[in-house]
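Residues in the sequence shown are numbered consecutively from 20, following this note's numbering. Glycine included, C-beta positions come from ideal geometry on N, C-alpha and C.
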Amino acid sequence: MTRTFVSICLLCLTAWQANAQTDLSAEGTANCYIVTGEGVYSFRAAVGNSGKPVAGMASADWLWQTDRKLVSEVSYSGGTVTFRAGSMKGNAVIAALDEGGNILWSWHIWATDDPCTDTHFAFEERISFMDRNLGATSTAVDDVASYGLYYQWGRKDPFIGAEFAGSFDLSRRYEDTGFTEGTALAFFNPAIRGTDWFTIVPNNSDRIETGKCVEYTIAHPTAFIGFSAESFESGKGSWFNDQYGRFDRLWGFISSRRPVNKTIYDPCPPGWKVPANSSEAWFGFETAEPAGQLAGQVYYFKARPYYYPAAGTRRQTNGKLQYAGASGIYWSATPNGVNAMSLRLEEEEIRINLRAPRATGASVRCVRE
20 MTRTFVSICL LCLTAWQANA QTDLSAEGTA NCYIVTGEGV YSFRAAVGNS GKPVAGMASA
80 DWLWQTDRKL VSEVSYSGGT VTFRAGSMKG NAVIAALDEG GNILWSWHIW ATDDPCTDTH
140 FAFEERISFM DRNLGATSTA VDDVASYGLY YQWGRKDPFI GAEFAGSFDL SRRYEDTGFT
200 EGTALAFFNP AIRGTDWFTI VPNNSDRIET GKCVEYTIAH PTAFIGFSAE SFESGKGSWF
260 NDQYGRFDRL WGFISSRRPV NKTIYDPCPP GWKVPANSSE AWFGFETAEP AGQLAGQVYY
320 FKARPYYYPA AGTRRQTNGK LQYAGASGIY WSATPNGVNA MSLRLEEEEI RINLRAPRAT
380 GASVRCVRE
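This is how it looks when you write it as structure tokens:
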């Protein structure tokens with residue numbers, strides 16, 4: 020009798036442990052949540068870091084993921100999204116849906132080793148960086164898994180990364196059409212209407228109402244908005260369709276004299292944000308050294324190496340993967356006219372204050388708030 024009772028208790032405990040939930044939003048809501056192991060997770064269905072619920076939300080489901088078993092059993096109840104994570108590393112996006120199946124908001128699930136423990140500092144030890152790019156599942160030199168995902172400046176949703184590490188040759192292009200042969204594998208949920216792969220939409224498309232390009236990207240998180248032509252002073256190289264200055268604060272920039280505050284469009288996890296001015300955030304990075312066989316660089320902080328891969332970019336006009344292994348751009352939150360400021364790696368050179376077109380798909384390295 021005693022043995023039977025003990026066996027039943029152990030079975031109950033095992034079942035409880037298998038279904039115990041980890042609240043990813045316990046320390047605040049965000050557009051990205053880190054998962055470090057297999058299990059059941061939940062988060063408040065909120066608009067970015069605002070803590071405000073997504074209005075009109077009726078259900079949730081996974082939109083795309085890099086492994087079929089990375090995220091499953093997605094559900095929504097009482098303002099909370101719950102899902103089961105597998106044991107593999109990778110990236111996924113979960114969408115908030117209305118009664119008609121339309122996307123209202125979405126969240127990035129980043130399954131990786133904890134990127135927040137082995138951080139490093141810059142700018143007189145006042146700015147703390149993660150140990151890897153946003154979306155990366157490795158920190159190893161020349162490993163394509165260290166590249167992470169790509170982001171258009173000011174947007175919260177990621178675009179899939181590279182299939183291979185590339186080469187040191189800046190003249191090489193890896194795709195004739197965006198999101199094709201150079202792009203890593205991803206699986207899309209057939210249950211979500213109208214989303215079977217990443218699409219490329221011109222910034223001046225009739226599908227995007229004038230001045231509503233941000234709203235369009237929220238409803239279409241897998242649409243890469245490529246620059247086609249200036250639209251109502253949108254600026255060359257932007258994904259906007261209205262005067263570019265209207266969008267300067269998407270990632271929290273107010274002025275060069277005020278700190279960047281995280282916004283609802285920031286792609287980083289709770290407690291982290293896109294770095295502010297690039298010349299300040301990466302001050303001293305000129306001391307970084309080339310690493311491996313590609314153009315990545317290693318920055319040393321207190322004799323410990325931290326790898327910055329040359330992950331390439333997605334071209335601002337059409338989303339084509341380019342320069343993988345030969346160059347890389349890291350966004351800051353600071354606009355500069357029609358462009359935005361960034362860190363750039365190229366061959367054996369590192370530049371900490373480079374302007375880049377805002378429609379470019381580039382890397383993000385989060386800093387602590």
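In chain order, what residues of the same chain have a beta carbon less than 6 Å from the beta carbon of S91, not counting five sequence neighbours either side? The count along the sequence shown starts at 1 and reaches residue 91 at position 72. So the list reads R103, once near-sequence residues are dropped.
Can you tell me the Cα-Cα spacing of R212 and P134, whole angstroms? By one-based count along the sequence shown, residue 212 stands at place 193. By one-based count along the sequence shown, residue 134 stands at place 115. Spanning the two alpha carbons is a distance of roughly 34 Å.
Can you give me the start and stop residues for the beta strand (DSSP E) that D51 sits inside? Counting from 1 along the sequence shown, the entry for residue 51 is found at position 32. Residue 51 is actually Cys in this sequence, not Asp. That run of the beta strand (DSSP E) goes C51 to V54.
Inside the stretch 185–260 only - beta strand (DSSP E) runs reaching at least 3 residues: 218–221 and 242–245
Cβ neighbour criterion (16 or more within 10 Å) applied to Q262: One-based indexing of the sequence shown puts residue 262 at position 243. Looking at its Cβ environment, which holds fewer than 16 other Cβ atoms inside 10 Å, Q262 is exposed.
By DSSP, does F183 sit in helix, in strand, or in coil? The residue labelled residue 183 in the question sits at position 164 within the sequence shown. Coil.
Starting from A130, trace the alpha helix (DSSP H) in both directions and tell me its first and last residue. Along the sequence shown, one-based indexing puts residue 130 at 111. Run containing A130: none in the alpha helix (DSSP H); it sits in the beta strand (DSSP E), I122 to A130.
Kindly indicate which three-state DSSP category T41 falls into: helix, strand or coil? For this step, residue 41 is matched to residue 22 along the sequence shown. Of the three classes helix, strand and coil, the one that applies to T41 here is strand, per DSSP.
Return the chain-ordered list of same chain residues with a C-beta closer than 8 Å to the C-beta of T229, the five sequence neighbours on each side being excluded. Translated into the one-based positions of the sequence shown, residue 229 becomes position 210. The residues are S250, F251, N260 and D261.
Here's the rule: buried if 16 or more other CB atoms are within 10 angstroms of the residue's CB, otherwise exposed. What is E118? Numbered from 1 along the sequence shown, position 99 holds the residue referred to as residue 118. E118 is exposed by the Cβ-count criterion.
Is R151 close to the ligand MG? I mean its beta-carbon at under 8 Å from any heavy atom of the ligand. The ligand content of the structure shown is nil, which means the ligand MG is not present either.
Do you know offhand how far Q316's Cα is from A159's? Looking up residue 316 in the sequence shown gives position 297. Looking up residue 159 in the sequence shown gives position 140. If I take the Cα positions, the gap works out to 12 Å.
If you measure between the beta carbons of A155 and T131, is that distance less than 9 Å? One-based indexing of the sequence shown puts residue 155 at position 136. One-based indexing of the sequence shown puts residue 131 at position 112. For A155 and T131, yes; Cβs fall inside 9 Å.
Apart from the five residues just before and just after S297, which ones in its own chain have a Cβ nearer than 7 Å to its Cβ? Mapped onto the sequence shown, residue 297 falls at position 278. Around S297: S351, T353, M360, S361, L362, I371 and N372.
With 16 other Cβ atoms within 10 Å as the buried cut-off, status of G347: Taking the sequence shown and counting its residues from 1, the one referred to as residue 347 is at position 328. So G347 ends up on the buried side.
Assign D119 to one of three DSSP states: helix, strand, or coil. Counting from 1 along the sequence shown, the entry for residue 119 is found at position 100. The residue you asked about is not Asp; residue 119 is Gly in the sequence shown. Residue state, collapsed to three classes: coil.
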